[in-house]
Ligand SMILES: *Cc1c(COP(=O)(O)O)cnc(C)c1O
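Residue numbers (this note's numbering): 13 to 395.
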């Protein structure tokens with residue numbers, strides 16, 4: 013199945029580039045994840061930072077997802093789009109006072125704390141409001157996510173989380189800070205993880221940390237293992253809906269929860285990546301030495317993943333049925349990193365053709381910038 017060309021033709025007169033979202037794919041993905049989680053009693057918090065487009069958020073929250081937020085504005089946006097504040101987790105190494113107060117005022121489910129100074133600050137702000145803040149500690153389990161270094165977060169040299177050697181100090185602090193209540197342990201080791209053995213390793217680390225806190229008298233009601241499930245960027249049409257059943261099964265088989273403990277997940281990319289494409293038009297086909305350049309009107313300001321992470325997006329010419337040729341597909345921005353991919357097989361391409369960069373629903377639109385004083389791309393939807 014190729015992307016539906018008829019749908020794109022609907023927007024022949026629309027200014028390009030734009031993000032195109034197939035809300036039907038989103039709904040199927042949301043439903044698949046929710047069904048598999050419900051079967052096992054797992055709680056899902058959608059990682060809002062992957063895509064905060066209100067149209068998408070409303071669908072996700074209407075299906076009963078909570079939110080995993082990394083800023084005060086994400087908390088507010090998620091609530092505007094219908095999330096239950098009691099299902100909001102708030103993560104991040106550098107929460108400001110204003111953001112913490114936003115969380116406290118809305119009585120969110122939990123603050124995922126990433127350092128002792130942060131715990132002290134949340135305690136101080138909660139006390140000033142006469143409230144008790146529910147917190148998790150984000151533990152850095154020292155697991156290699158085997159993904160790009162910029163989206164690997166669970167190694168001991170990363171800035172994220174609290175490491176095991178600080179646990180005694182954390183416990184001392186928790187005893188002293190009476191406006192904090194520890195309710196959960198939190199983990200998140202990275203993103204675009206496709207090797208399920210990484211999650212199995214996370215489980216074995218979680219088991220030992222969970223036991224450690226149990227033995228010291230903490231009766232924690234929750235364990236949160238974060239997000240990170242990868243998607244198929246190479247052949248999106250073969251795997252439009254990620255295999256949530258196999259993913260959850262890894263935790264079902266490897267995680268030892270104590271009676272009454274609830275397991276939480278924070279999927280982002282796996283929920284929204286495949287429903288989105290960046291649609292652009294070909295400005296020029298420029299002759300090169302060994303192959304031609306397709307110069308499109310989308311650039312790294314619209315979709316930075318290839319430039320930032322050397323990420324691969326499947327590229328399709330939606331306007332041509334001609335035999336394939338090999339091209340480098342590049343944007344108009346004054347940086348050599350503004351290249352979407354090299355040696356791309358595309359149906360023979362000419363000026364004006366529509367080009368789709370697939371699987372762009374996650375970490376696409378949210379990372380768009382105005383570099384070169386370009387416009388932020390618009391978004392279009394099909395039901
Ligand atoms: C980014 C992030 C997620 C989501 O990660 P995905 O790879 O998009 O699923 C979940 N939890 C935390 C704490 C994050 O920072």
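From the three backbone atoms N, C-alpha and C, an ideal C-beta is built for every residue, glycine too.
Residues in its own chain within less than 6 angstroms of residue 330 by CB, not counting five upstream and five downstream? 17, 20, 366, 368
On the three-state DSSP scale, how would you describe residue 11? For residue 11 there is no data in the structure shown, the boundaries of the chain being 13 and 395.
| Which ranges does the alpha helix (DSSP H) cover as unbroken runs of at least 4 residues, wholly within the region 269-322, from first to last along the chain? | 281-284, 317-321
**Q.** 6 angstroms CB neighbourhood of residue 48 in its chain, flanking five on each side removed
**A.** 256, 257, 260
Spatially closest choice to residue 301 from 338, 24, 373, by CA coordinates = 338
If I'm right that residue 336 touches residue 320 with Cβ under 8 angstroms, what's the distance once you round it to whole angstroms?
Actually they do not touch by this definition, with Cβ atoms about 28 angstroms apart.
Q: Quick one: grab the DSSP three-state call for residue 82.
A: coil
| query | Going by the CB atoms, is the gap between residue 215 and residue 38 shorter than 8 angstroms? | reply | no
task: Taking only runs that begin and end inside the region 153-231, name each unbroken beta strand (DSSP E) of 3 or more residues, in chain order.
output: 192-198
(request) May I ask whether a heavy atom of ligand 1 can be found less than 7 angstroms away from the beta carbon of residue 185? (result) no
query = Can the beta-carbon of residue 100 be found less than 8 angstroms from the beta-carbon of residue 79?
reply = yes
query = Is any heavy atom of ligand 1 found at a distance shorter than 7 angstroms from the C-beta of residue 59?
reply = yes
- prompt: According to the neighbour-count rule (16 or more other Cβ atoms, all chains shown, within 10 Å of its Cβ), is residue 27 buried or exposed?
  reply: exposed
Quick check: does the Cβ of residue 276 come within less than 7 angstroms of any heavy atom belonging to ligand 1? no
I'd like the span of the alpha helix (DSSP H) that includes residue 121, first residue to last. Unbroken run through residue 121: none, as it is neither H nor E.
- So, is residue 146 buried or exposed, given that buried needs 16 or more other C-beta atoms within 10 angstroms? buried
> Helix, strand or coil for residue 110 per DSSP?
Replying inline: helix
message: In the DSSP output, what is residue 59 paired with across the bridge?
response: 80
Exercise for the section: With a threshold of 16 other CB atoms inside 10 Å of the CB of residue 13, please say whether the residue is buried or exposed. Expected result: Low local confidence applies: a pLDDT of 38 at residue 13 is under 50, so the model's placement there is unreliable, with the coordinate-based value given in what follows. Result: exposed.
- [ ] Specify, as a first and last residue, the run of the alpha helix (DSSP H) that residue 70 falls within.
- [x] 66-74
Q: With DSSP as the reference, label residue 27 as helix, strand or coil.
A: coil
With 16 as the cutoff for other CB atoms within 10 Å, does residue 62 come out buried or exposed? buried
message: So for residue 342, helix, strand or coil by DSSP?
response: strand
Select from 91, 90, 127 the residue whose C-alpha is nearest the C-alpha of residue 104. 127
Return yes when the C-beta of residue 156 is under 7 angstroms from any heavy atom of ligand 1, and no when it is not.
-> no
Check: Would you report the Cα separation of residue 275 and residue 199, rounded to the nearest angstrom?
Finding: 11 angstroms
State yes or no: is the C-beta of residue 45 within less than 8 angstroms of the C-beta of residue 205? no
| Residue from 173, 168, 279 with nearest C-alpha to residue 54 | 279
Pick helix, strand or coil for residue 389, following the three-state DSSP scheme. coil
Could you name the residues that DSSP lists as bridge partners for residue 33? 288, 393
Margin query: Taking the straight line between their C-alpha atoms, what separation do you get for residue 224 and residue 81?
Written below: 28 angstroms
Is any heavy atom of ligand 1 found at a distance shorter than 7 angstroms from the C-beta of residue 372? no
### Task
Let me know the secondary structure DSSP gives residue 361 once reduced to three states.
coil
field: According to DSSP, residues forming a beta bridge with residue 125
entry: 149
Note to self: Suppose you measure from the CA of residue 237 to the CA of residue 149; what does that come to, to the nearest Å?
What the structure shows: 12 angstroms
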